[in-house]
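Engineer: Heads up: take any position in the sequence shown, counting from 1, add 25, and you land on our numbering. Sharing a structure below in structure tokens format, with a few things to ask.
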Amino acid sequence: MELSSAELDRYARHLTVPGIGLEGQSRLKESSVLLVGTGGLGSPAALYLAAAGVGRMGLVDDDVVSRSNLQRQILHGESWVGKPKLESAVQRLAEVNPHVQVEPHACRLTPDNAADLVSQYDLVLDGSDNFPTRFLTNDVCFQQKKPCVYGSIFRFEGQVTVFAPHLGGPCYRCMLPSVPPSGAAPSCEEAGVLGVLPGIVGSLQAMEAIKFLLGVGQLPLGKLICYDALRTSFRTLRLAADPQCALCGTTPTVTSLHNPETLASAHCAVEDPSLPSLSVENLANLLAGGPVALLDVRRPEEFAVASIPGSVLIPLHELEHRLDEVPHGSPLYVHCKSGMRSAKAVAMLRTTGRNAINIEGGIDAWLNRQKSSSNV
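The structure is reproduced here in structure tokens:
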């Protein structure tokens, strides 16, 4: 595939690199990558893949830009708050490199559409933030013999690898056979992440994608690259292919994209219909009638940003040791950011005989209600 004079000028620093040159740059132009997510990891990966001259990039995302995204999701800016991430991404990438064809897919990756989407690209870069989507990208890439460039982030730490059993490495299920039980892993609200971290991890993902497309270097097959920002250190953990793996092992039991892992709930909130709950609309009506017992189980730094008037803060991890501060008798309304931590708190408090009730959607729903009311 020939490069135009404008492209030759744009990629001049690539053309002098051994292993790239004119042939490698043409190969990049002929290549295609599907990015699952345009958030923290997808943002830097998309920017660098576009700048590098990957000819065709598919973006899968159905979310809108929120202000809390901007601390780390560098594809998007203030003017895009409330608008689709895909529209923001397409416009930004066109500014980075107009020679790249960007294909937006305004949807979530699901067992129903994954095979069709992945079949159109050479490689998948997983920038998702939930277990079911990670299992799904892994499973569909295994089925279609496409590399899956994996990345994950947590507070000050990140991980990168390439899952590609057809190239001799393990798959994601070899590392994590099933979705962790509820509460075993911190929720997206509880964990948090340093804004710079996804820039580092997403850039490493882009690097591995480009290496594969160029056919240079060694992919981290069977290696989990772990970055610790606080210690400024990298270490490598060995990942062995599991002969008993349900997907890529010798006697596979996972043969469909519709399986318990890919169909698990991707939401942060705990869905337990047995727990009593109350909408923020009904909570507002209660507060209008006078004080109520309202417990906030978020962290102090979250409470400092925004809180529901009259709420008392006891972080979830301290609640069990501060039960003497929690009243008996009258209804106790419990909330967190979106409902997960408060659901855990309600379940625990009800075992102690307290009349605890979960606030649906947490303070996120409360603030959205306030915003909607102010716009009327």
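Virtual Cβ for every residue (Gly too), placed ideally from N, Cα, C. Source: prediction; values computed, not measured.
So what does DSSP say about Leu249, is it helix, strand or coil?
Structural biologist: Strand at Leu249.
Engineer: Is Gly247 closer than 8 Å to Gly194 when the C-beta atoms are compared?
Structural biologist: Result yes, Cβ atoms of Gly194 and Gly247 sit closer than 8 Å.
Engineer: Using the DSSP secondary-structure output, state which residues sit across from Glu182 in a beta bridge.
Structural biologist: Phe179 and Asp253
Engineer: Does Arg97 pass the burial test, meaning 16 or more other C-beta atoms within 10 Å, or should it be called exposed?
Structural biologist: buried
Engineer: By DSSP's criteria, Val317 is part of a beta bridge. Which residues make up the other side?
Structural biologist: According to DSSP, which records beta bridges pairwise, Val317 is partnered with nothing at all.
Engineer: Could you tell me which whole beta strand (DSSP E) segments of length 3 or greater appear in the region 122-163?
Structural biologist: 126-130 and 148-151
Engineer: Under a three-way DSSP split, which group does Cys173 fall into?
Structural biologist: strand
Engineer: Considering only residues of the same chain and omitting the five flanking positions on each side of Ala289, which have a CB-CB separation below 7 Å?
Structural biologist: Phe156, Pro157 and Val204
Engineer: Give the secondary structure of Val165 by DSSP, where H, G and I count as helix, E and B as strand, and everything else as coil.
Structural biologist: helix
Engineer: Hey, quick one: how far does the alpha helix (DSSP H) through Arg38 stretch, first residue to last?
Structural biologist: Bounds of the alpha helix (DSSP H) holding Arg38 are Ala37 to Leu40.
Engineer: Relative to the C-alpha of Gly8, which candidate in Ser51, Asp86 and Arg81 has its C-alpha closest?
Structural biologist: Any answer about residue 8 is impossible in this case: the structure gives the chain only from 26 up to 401.
Engineer: Nearest by alpha-carbon distance to Leu320: which of Gly314, Asn310, Ala331 and Pro340 is it?
Structural biologist: Pro340
Engineer: Quick one: residues in its chain with C-beta nearer than 7 Å to the C-beta of Thr275, no 5 flanking neighbours on either side, listed in chain order?
Structural biologist: Sequence-distant Cβ neighbours of Thr275 in its own chain, meaning closer than 7 Å and more than five residues away, are Pro268.
Engineer: Would you tell me roughly how many angstroms separate the C-alpha atoms of Glu345 and Gly314, rounded to the nearest one?
Structural biologist: 30 Å
Engineer: Would you say Leu239 and Arg35 are within 8 Å of each other, going by their C-beta atoms?
Structural biologist: At least 8 Å separates the beta-carbon of Leu239 from that of Arg35.
Engineer: For a test of the three-state rule: what should DSSP assign to Pro109, helix, strand or coil?
Structural biologist: strand
Engineer: Count the other CB atoms within 10 Å of the CB of Leu255; is the residue buried (16 or more) or exposed (fewer)?
Structural biologist: exposed
Engineer: Considering only residues of the same chain and omitting the five flanking positions on each side of Arg133, which have a CB-CB separation below 7 Å?
Structural biologist: Asp87
Engineer: Grouping DSSP H, G and I as helix and E and B as strand, with all else coil, what is Ala309?
Structural biologist: helix
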